């Protein structure tokens, strides 16, 4: 399997622009997670899905952030409008089961908002 | 809110030295995982400990889960430059969600 695929790997945008991050989980995995990692705050869970349904979005910073999972093989995380404080590495991870087990992380998208 | 505190945050040692990283919480977790992350990559699972008091070994790495399932440690014997990276502990929430709570991480640098 190719592992979790994320695109783009790097994104540089100006404040106020819309940013869309994409993720393809490992085939057959039922859970998908979006994380944000910064030096100050470490790895933070933003939202996760079980069987394409959002289960917990309490980590989403504010209404500027939204995530969708229209099918089992694709998810997006959108920031609109983006702000400099959104600069971070965003990881997508997937897991085979809903309640436990290993999470497989993608390579991340490094977002820089100027 | 469940929190995990890791210590130390940074560690720089010489090749061949031993080290221990700690992961502590006031909350009970159903299990705990340790991940390692290298620059430019996502975290990769090293081990999962499930039972209180459990000890698992992975070559020179020894992982222990506290008896009360609130804390864990990672001990590396005779560290090598290839061990350099960010080590993250993650507690599996006891609720029926399987949500992971990550610690802040320990950055380890092993100098040759």
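Protein chains in written order, with the working numbering: chain A, 1 to 114; chain B, 1001 to 1112.
Note that beta-carbon positions come from the ideal geometry of N, C-alpha and C, so glycine has one too.
Fair warning: this is a prediction, and the values are worked out from it, not measured in the lab.
Chain A residues whose Cβ lies nearer than 8 Å to that of residue i
i, result
"residue 1099 of chain B", "45, 48 and 56"
"residue 1054 of chain B", "Correct list: empty, because the minimum Cβ distance to chain A is about 15 Å."
"residue 1092 of chain B", "100"
"residue 956 of chain B", "For residue 956 of chain B there is no data in the structure shown, the boundaries of chain B being 1001 and 1112."
Contact under 8 Å by Cβ, residue i with residue j
i, j, result
"residue 154 of chain A", "residue 53 of chain A", "No answer is possible for residue 154 of chain A: it lies beyond the span of chain A, which begins at 1 and ends at 114."
"residue 1022 of chain B", "residue 1090 of chain B", "no"
"residue 1145 of chain B", "residue 1082 of chain B", "Residue coverage of chain B in this structure runs from 1001 to 1112, which leaves residue 1145 of chain B outside it and unanswerable."
"residue 1104 of chain B", "residue 1033 of chain B", "no"
"residue 92 of chain A", "residue 49 of chain A", "no"
"residue 1018 of chain B", "residue 1078 of chain B", "yes"
"residue 56 of chain A", "residue 1111 of chain B", "no"
Contact with chain A by residue i, beta-carbon distance below 8 Å
i, result
"residue 1081 of chain B", "no"
"residue 1102 of chain B", "yes"
Top-ranked residue by Cα proximity to residue i, from the options
i, options, result
"residue 1041 of chain B", "A:112, A:89 and A:113", "A:89"
"residue 18 of chain A", "A:84, A:30 and A:40", "A:84"
"residue 76 of chain A", "A:110, A:22, A:86 and A:12", "A:22"
"residue 81 of chain A", "A:113, A:9, A:29 and A:39", "A:113"
"residue 1101 of chain B", "B:1025, B:1050, B:1011 and B:1020", "B:1025"
"residue 95 of chain A", "A:29, A:51 and A:13", "A:29"
8 Å Cβ cut-off: residues of chain B touching residue i
i, result
"residue 102 of chain A", "1033, 1045 and 1048"
Amino acids of chain B, ordered along the chain, whose beta-carbon sits closer than 9 Å to that of residue i
i, result
"residue 74 of chain A", "The contacting residues do not exist; residue 74 of chain A stays about 18 Å from chain B at best."
Residue-chain proximity (residue i, chain B), Cβ-Cβ < 8 Å
i, result
"residue 108 of chain A", "yes"
"residue 65 of chain A", "no"
Under 7 Å from the C-beta of residue i: neighbouring residues of chain B
i, result
"residue 42 of chain A", "1102, 1104 and 1105"
Listed by chain order, chain A residues near residue i by CB distance under 7 Å
i, result
"residue 1041 of chain B", "107"
"residue 1088 of chain B", "43"
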